[in-house]
Amino acid sequence: MNKFNFFRKYNTTIKWRTRRGESINIRDLNGSHLKNILNCLAGCGNTTIPNPYCGKTNEEWNTIMFNEYNRRVYNID
17 MNKFNFFRKY NTTIKWRTRR GESINIRDLN GSHLKNILNC LAGCGNTTIP
67 NPYCGKTNEE WNTIMFNEYN RRVYNID
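Here is the structure:
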């Protein structure tokens, strides 16, 4: 697993693997997919996400997705 740094900027390309096996850059996820992932990580979605998943813990994924959501809402770049 990667060493997690809470204050690290996620400027590198981070990919999310979908249930169908597609690998998508998190910046290319549509808004509803991003919300669904956050809900699943919180335990409120239609499915569960394994912990760890693709080399990152659910806490790391939650931080990454939440930061991406905020980047879109507040136009941070």
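Add 16 to a position in the sequence shown, counting from 1, and you land on the number used in this note's numbering. Every residue, glycine too, gets a C-beta built ideally from N, C-alpha and C. Nothing here was measured: the structure is a model prediction, and the numbers come from that model.
Simplified DSSP assignment, three categories, for residue i
i, result
"residue 40", "strand"
"residue 85", "helix"
Rounded straight-line distance, which links the Cα of residue j to that of residue i
i, j, result
"residue 57", "residue 76", "10 Å"
"residue 66", "residue 35", "12 Å"
"residue 51", "residue 60", "11 Å"
Own chain partners of residue i with C-beta closer than 6 Å, once the 5 adjacent residues on each side are dropped
i, result
"residue 33", "39 and 70"
"residue 91", "none"
"residue 78", "57"
Cutoff 8 Å; reference residue i; Cβ partners in own chain excluding five residues on either side
i, result
"residue 82", "54"
"residue 47", "88"
Span of the beta strand (DSSP E) around residue i
i, result
"residue 31", "31-33"
Residues near residue i in its chain [Cβ-Cβ closer than 7 Å; skip 5 each side]
i, result
"residue 45", "32"
"residue 86", "92"
"residue 37", "none"
Limits of the alpha helix (DSSP H) - the one that residue i falls within
i, result
"residue 95", "Look at the range of the chain in this structure, 17 to 93, and you will see that residue 95 is not part of it."
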